[in-house]
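Structure first, then comments.
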Amino acid sequence: MGELGARLAAVLRAGDLVVLTGPLGAGKTTMTRGLGAALGARGQVSSPTFVLARTHPTTAGPDLVHVDAYRLSDPVELDDLDLDWDAAIVVVEWGRGMVDGISDSVLDVEITRATGADEADPDADDTDPDDVPDEPRRVVVTATGPRWAGVAL
Ligand SMILES: Nc1ncnc2c1ncn2[C@@H]1O[C@H](COP(=O)(O)OP(=O)(O)O)[C@@H](O)[C@H]1O
Ligand SMILES: [Mg+2]
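Residue numbers (our numbering): 24 to 176.
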């Protein structure tokens, strides 16, 4: 997921909006971390669980703004954050349905995990991520709007 994020970073520029959808543990934050590393983002890209949005300046390009919309109940609340949508690359976890009307172009990334770790081994009580083998993820990227017309992803 990190590598996929890094590859995605290569096509992103200021004003781009990326929405990540997928269940808890799907890899949304991991993907954003890889994306941030590729952009040279400063600061730790982590689950912004208790922070709605975190801005990471990057070495050369636009800021990376990482949003967790999990606790938002209304798109208006996202608008209230007064993010500089045009100047930054904005990645929104749980953003589907929350970004409507914010930009006419969206990169929608849907992540599916085939099985949860608990289903694979119901007796597993060790959740150290280093002990968890890489699991396949199915990722569907849907690009909409004029920004992505003719762009090969
Ligand atoms: N493809 C994968 N295979 C195995 N573990 C993964 C994979 N992608 C992410 N993880 C791990 O799953 C955990 C949750 O990932 P995270 O990116 O925080 O998910 P999300 O933000 O979607 O809730 C982390 O420990 C991460 O290292
Ligand atoms: Mg997350």
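The beta carbon of each residue, even a glycine, is placed where N, CA and C say it ideally should be.
| query | result |
| --- | --- |
| Bridge partner(s) assigned by DSSP for Ala137 | According to DSSP, which records beta bridges pairwise, Ala137 is partnered with nothing at all. |
| Bounding residues of the beta strand (DSSP E) (the contiguous stretch that carries Thr44) | Leu40 to Thr44 |
| Beta-bridge pairing of Ala64 - partner residues as DSSP gives them | Thr81 |
| Cβ contact check for the stretch 118-128 and the stretch 86-98: 3 or more pairs under 8 Å | yes |
| N- and C-terminal bounds of the beta strand (DSSP E) containing Leu47 | Leu47 -> no beta strand (DSSP E), and no H or E assigned at all. |
| Pairwise C-alpha distance: Gly124 and Leu104 | 15 Å |
| Range of the contiguous beta strand (DSSP E) that encloses Val162 | Arg160 to Thr167 |
| Strand pairing of Asp131, partner residues [DSSP] | Val42 and Thr165 |
| Run of the alpha helix (DSSP H) containing Val99, from where it starts to where it stops | Pro98 to Asp103 |
| Same chain only: Cβ atoms within 6 Å of Val132, ignoring 5 sequence neighbours per side | Leu43 and Val164 |
| Buried versus exposed, by CB contacts within 10 Å (16 or more), Val113 | buried |
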